[in-house]
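Enquirer: After the structure tokens below, expect a handful of questions from me.
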């Protein structure tokens, strides 16, 4: 039987074939494209359509961008240079960059001050944002930074930030002394001590006021440009997180007065558009205050935006608190922890971790909302563009270049915040799933 | 820190409340600067230049008042206001006067309790159309699509005008002037309508201004002028007569170039002498010194010079004098006599 089998096969190979490269269609870029871009009829059509869209966008954008004029005194001069060709007039950016970044009244020889404050911001934020990668001692610098930055940007007597800091220090000392007796005594004692320090400090600052300060004083009205957005954004975000936590905890409190104050505050602020609050800050307060008062406009706006953001952050954090299983609260109680300890050690670390995406969402939205101050005639980045720059006879009519620049600045900051939050989420991941 | 600022503000407020009882003129003199409300930016009328210096036609009025009262045309704190914040800023005392291309209307004068101190620009609503449309009069616009800012008086004026002339139109609602420019250039509407000074500025920003014409019809009255609070007539007089001095100076041929000569000694024109303080005591009546008008005119020139420098035919905006010519040239500018 085996013979018949032998004869039925004409050829038997007795050596291995040499290794051949895989077919061209199944390797490298071609394979990747076949699998990812042209895996079916509909996908191929979508790919081609996307390619066409990208081509049209670039065909419009690249000549405009590459052909752009970076040095010209006015829009008309730009057009003369271009002679009808397509091209952006970026000369407005090179001429007015300082106004876009610092506003039109900040003295130009002092630009280094806000710039330095901006650079130091990273040093101050690092120990808070990357606690495991930066020495803890830098936290002292973070605590001093707000006062240093205020002094750098506003200038004037160094005594005002020093006394402001002293107020917090005395408040903390009194709190430490009295809190062992009772929480309320410590709380109110600290506030009173701080207020007295500020009051005395305020009088000393008034008495020693002089024009020969180390840094020339710059009034709030002269702040503007992207600097104003950054000031409002950083101050309001960093203030609204602690306020938001306090409001969220207050809303869950068993004490009815505190609970209702928090509920009323949150519901009222959330029910009112931010622009209304800004109008109140700018316009209505002027009626309540005595005539001739100049209660600093930036301070008013910071208070309003902080109130607005804290109400939203409070609700985000309440979501985080609600997501925690009840067992966590009970576990904290059974360990014998009191309320502050339970919150600080058990509840808040978990609740805040859950809330990170929500908080970042509010922070990014808040940062972009700072451009709303342009409607109450403050010259932030968008206010500078809409008002002075587009109203100058030289640059009336330059829209894309200016607003594109503004969009770029905001994108860089917001994308940075969002990337940081994703990194933080990965860091804190404990993977229960 | 913030609280210390707040407490400081309250202290200052207490002091200021005592001082506010005096008149605005004394307040301004005591303060040493004039708080003048202007727009956040309007081409030719008020805008800061690359060095942050405010320039423009309305700004010129502020500087003239500051020069008359304080002797220094740069002693002005310009307070930018938007259309929404301007009246509260004036009513609350944050600014001493408002020179912000504000239309003088009955309700603003009577109901909002302001006092218009004169008219520095006679504006009116007009139309701009592409030359290619072949239209030479607003009466031929029946059936046109028209870009119009919503919620403004221009919208109401437009409806009135078309109804009165028995024509119909299709409105394209827009929000801002910038949007209007874009929509009009993109061909979303045949016609764009707003104040004529705004149309001229808009056309100046176009790539080919020659392809667009502003139609001759003016369909509304928009007299723009500086205003002050009701009830402080001494201050109102200062602002009113400073503006009149600028207008009269043009009529009498007093310019920033020849004013030093004319003010050095009494000339043969009595009215000029009284205006420039070489005769009579008009300045004293206002609560100022004799040279007040000389300083007001020197700082930016007379009305005609301000006009030519900021919005006149040699600027990119290229407005002709039209209604804003002197009454002797067929315009409406007519200063009461300095006597």
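Chains as they are written, first to last, in our numbering: chain A, 1 to 433; chain B, 434 to 772.
Note that the Cβ used here is the ideal one computed from N, Cα and C, for glycine as well.
1. Looking only at its own chain, which residues have a Cβ that is under 6 Å from the Cβ of residue 594/B, when we skip the five neighbours before and after it?
2. At a Cβ threshold of 8 Å, is residue 399/A touching chain B?
3. Does residue 448/B pass the burial test, meaning 16 or more other C-beta atoms within 10 Å, or should it be called exposed?
4. Any C-beta of chain A sitting closer than 8 Å to the C-beta of residue 750/B?
5. Please report whether the beta-carbon of residue 569/B lies at a distance below 8 Å from any beta-carbon of chain A.
6. According to DSSP, residue 133/A sits in a beta bridge with which residue or residues?
7. What would DSSP say about residue 505/B, mapped onto helix, strand or coil?
8. Which two residues bound the contiguous alpha helix (DSSP H) that contains residue 55/A?
9. Comparing C-alpha positions only, which one of 307/A, 206/A, 162/A sits nearest to residue 238/A?
10. Our contact map puts residue 143/A next to residue 224/A with C-beta atoms below 8 Å; I'd like the distance itself, whole angstroms only.
11. What residues in its chain sit with their C-beta under 7 Å from that of residue 418/A, if we drop five residues either side in the sequence?
12. Report the three-state DSSP secondary structure of residue 78/A (helix, strand or coil).
13. State the start and end residues of the unbroken alpha helix (DSSP H) segment that holds residue 736/B.
14. For residue 492/B, which residues does DSSP report across the bridge?
15. Under a three-way DSSP split, which group does residue 22/A fall into?
16. How many Å lie between residue 590/B and residue 617/B at the Cα?
17. Which residues in chain B sit within 9 Å of residue 376/A, going by Cβ to Cβ distance?
18. List, in chain order, every chain A residue whose beta-carbon is nearer than 9 Å to that of residue 801/B.
19. Which whole runs of the alpha helix (DSSP H) in the segment 661 to 729 of chain B are 4 residues long or more, in chain order?
20. Compare the Cα-Cα distances from residue 151/A to each of 182/A, 113/A, 175/A and report the closest residue.
21. Taking only beta-carbon atoms, is residue 720/B less than 8 Å away from chain A?
22. What residues in the segment 472 to 484 of chain B have a beta carbon less than 9 Å from any beta carbon of chain A?
23. Confirm, please, whether the CB-CB distance from residue 416/A to residue 317/A is below 8 Å.
24. Enumerate in chain order the residues of its own chain whose CB-to-CB distance from residue 500/B is below 6 Å, with the five nearest sequence positions on each side excluded.
25. Classify residue 345/A as helix, strand or coil using the three-state DSSP reduction.
26. Under the three-state reduction of DSSP, which class applies to residue 449/B: helix, strand or coil?
27. Are residue 175/A and residue 218/A touching if we call contact CB-CB under 8 Å?
28. So which residues of chain B does residue 95/A contact, with C-beta pairs closer than 7 Å?
29. Could you pull the DSSP bridge partners for residue 384/A from this structure?
30. Between residue 64/A and residue 88/A, how many whole angstroms is the CB-CB distance? I'm expecting something under 8 Å.
31. Taking 8 Å as the CB-CB cut-off, is residue 630/B touching chain D?
32. In this structure, how does DSSP classify residue 449/A when only helix, strand and coil are distinguished?
33. From the DSSP output, which residues share a beta bridge with residue 468/B?
34. Mind listing the chain A neighbours of residue 640/B? Cutoff is C-beta to C-beta under 7 Å, in chain order.
35. What three-state label does DSSP hand residue 89/A in the structure shown?
36. Say whether the segment 639 to 646 of chain B touches the segment 532 to 543 of chain B, bearing in mind that this needs 3 or more beta-carbon pairs closer than 8 Å, one atom from each stretch.
Expert: Per the coordinate set shown:
1. 652
2. yes
3. Low local confidence applies: a pLDDT of 40 at residue 448/B is under 50, so the model's placement there is unreliable, with the coordinate-based value given in what follows. Classification of residue 448/B: exposed, given that the 10 Å Cβ count is below 16.
4. yes
5. no
6. DSSP, once it has assigned bridges, lists no residue as partnering residue 133/A.
7. Residue 505/B falls in the coil class under three-state DSSP.
8. 41 to 66
9. 307/A
10. Actually they are not in contact, since the Cβ atoms of residue 143/A and residue 224/A sit about 28 Å apart, beyond 8 Å.
11. 360, 364
12. helix
13. 736 to 743
14. DSSP output for residue 492/B lists no bridge partner at all.
15. Coil at residue 22/A, not helix or strand.
16. 19 Å
17. 515, 517, 518
18. Residue numbering for chain B in the displayed model covers 434 to 772; residue 801/B lies beyond these limits and cannot be assessed.
19. 666 to 684, 692 to 697, 703 to 709, 715 to 719
20. 113/A
21. no
22. For the segment 472 to 484 of chain B, residues whose beta-carbon sits nearer than 9 Å to a beta-carbon of chain A comprise 472, 473, 474, 475, 476, 477, 478, 479, 480, 481, 482, 483, 484.
23. no
24. 506, 728, 729, 732
25. Judged by DSSP in its simplified three-state form, residue 345/A adopts helix.
26. Note that residue 449/B has pLDDT 43, beneath the 50 cutoff, so the model's placement of it is unreliable and no number is given.
27. Between residue 175/A and residue 218/A, the C-beta spacing is not below 8 Å.
28. 483
29. Paired residues: none, contrary to the question.
30. 5 Å
31. Absent here is chain D; the protein component of the structure consists of chains A and B.
32. The first residue shown for chain A is 1 and the last is 433, placing residue 449/A beyond what the model contains.
33. Per the DSSP secondary-structure output, residue 468/B pairs in a beta bridge with 510/B.
34. Going along chain A in sequence order, the residues near residue 640/B (Cβ under 7 Å) are 79.
35. strand
36. no
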